[in-house]
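Accompanying notes for the structure given below.
In our numbering, the protein residues as written are 1380 to 1653.
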């Protein structure tokens, strides 16, 4: 963690605080929970009502130094925030810390800031209101998608965030996932079929066509050309689970995601094979 990190898709990790709570199957063997609770004996993992979080000190200073170094060197470096917490966890204790951290990250324009969350439904309500009108170009936003259910639940929320770079972390990938289904522009669903004529796009939640007899234009999740005014995922990370208790990982799942990204022209980073 810090300036030197074992996370291959970033250069530095900025942890403004430690602590979180499990929310989905991807959290079952969380390395951050193990480091905090087992290694450091910090009681920072669990529900907000019964568990506190621990604010850090040095990383805040490190972030400013990394930004100055990147500006001096003329080299953009990536900073992952936060590997030991979830910035968008709904915990009252971290609300002022989050506001302070986001304000600081906004100033670090020489860096590419990578915000990754398992709670994308909270992003719009928790970022500064000004970001929804003019999202900082150097701040990337991503969500974790470990299975089909989490893809269905989380990606639509991510696509509502007006960031220049939206990304997915399909790690630990626990089953095959379709990242590029046809997507209804009205409801965001992708239960697609055809109308009675066998040709007009049909959205099962919305009904045949758009309700006015006009053909629906189904979009897609993967889109490297989308900007803050459009929907689109422009970068994907994929990998299996690590550790002695790692769950099974089928290479076919990773190959499928790589193929999907290649077809859409979206860069994909294969981190590890489990």
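The beta-carbon is built from N, C-alpha and C at its ideal position, and this holds for glycine as well.
Open item on the list: Based on DSSP bridge pairs, tell me the residues matched to residue 1392.
Closed with: Answer is 1459, bridged to residue 1392.
TODO: Would you list the residues sitting across from residue 1434 in a DSSP beta bridge?
DONE: 1396.
TODO: Taking all protein chains shown into account, decide if residue 1518 is buried (16 or more other Cβ within 10 angstroms of its Cβ) or exposed.
DONE: Buried, by the Cβ-count rule.
Task: C-beta contact flag for residue 1551 and residue 1525 at 9 Å - done: yes
TODO: Taking all protein chains shown into account, decide if residue 1630 is buried (16 or more other Cβ within 10 angstroms of its Cβ) or exposed.
DONE: In this structure residue 1630 is exposed. Its beta-carbon is surrounded by fewer than 16 other beta-carbon atoms within 10 angstroms.
Open item on the list: Quick check on the DSSP output: the alpha helix (DSSP H) that includes residue 1326 runs from which residue to which?
Closed with: The question about residue 1326 has no answer, for the chain in this structure spans 1380 to 1653.
Open item on the list: Taking only three categories from DSSP, how would you classify residue 1523?
Closed with: Note: residue 1523 maps to strand in three-state DSSP.
TODO: Round the Cβ separation of residue 1497 and residue 1402 to the nearest angstrom and send it over; I've been treating them as touching at under 8 Å.
DONE: 5 Å
- [ ] For the beta strand (DSSP E) holding residue 1601, just list the boundary residues, first then last.
- [x] Segment: none, residue 1601 is in no beta strand (DSSP E) and carries neither H nor E.
TODO: Could you name the residues of the same chain whose beta carbon sits closer than 7 Å to that of residue 1635, not counting the 5 residues immediately before and after it, in chain order?
DONE: 1555
Task: Distance between residue 1395 and residue 1436 (C-alpha atoms, nearest Å) - done: Here the alpha carbons of residue 1395 and residue 1436 stand approximately 8 Å from one another.
Task: As assigned by DSSP and simplified to three states, the class of residue 1592 - done: With a pLDDT of only 43 at residue 1592, under the threshold of 50, the placement of this residue in the model should not be trusted, and no figure is reported.
- [ ] My understanding is that residue 1637 touches residue 1645, with C-beta atoms under 8 Å, so please give their C-beta distance in whole angstroms.
- [x] Incorrect: roughly 10 Å between the Cβ atoms, too far for contact.
Task: At least three beta-carbon pairs within less than 8 Å, the region 1501-1519 to the region 1428-1445 - done: no
Open item on the list: Please classify residue 1640 as buried or exposed, where buried requires at least 16 neighbouring CB atoms within 10 angstroms.
Closed with: buried
Task: Limits of the unbroken beta strand (DSSP E) element including residue 1616 - done: 1614-1617
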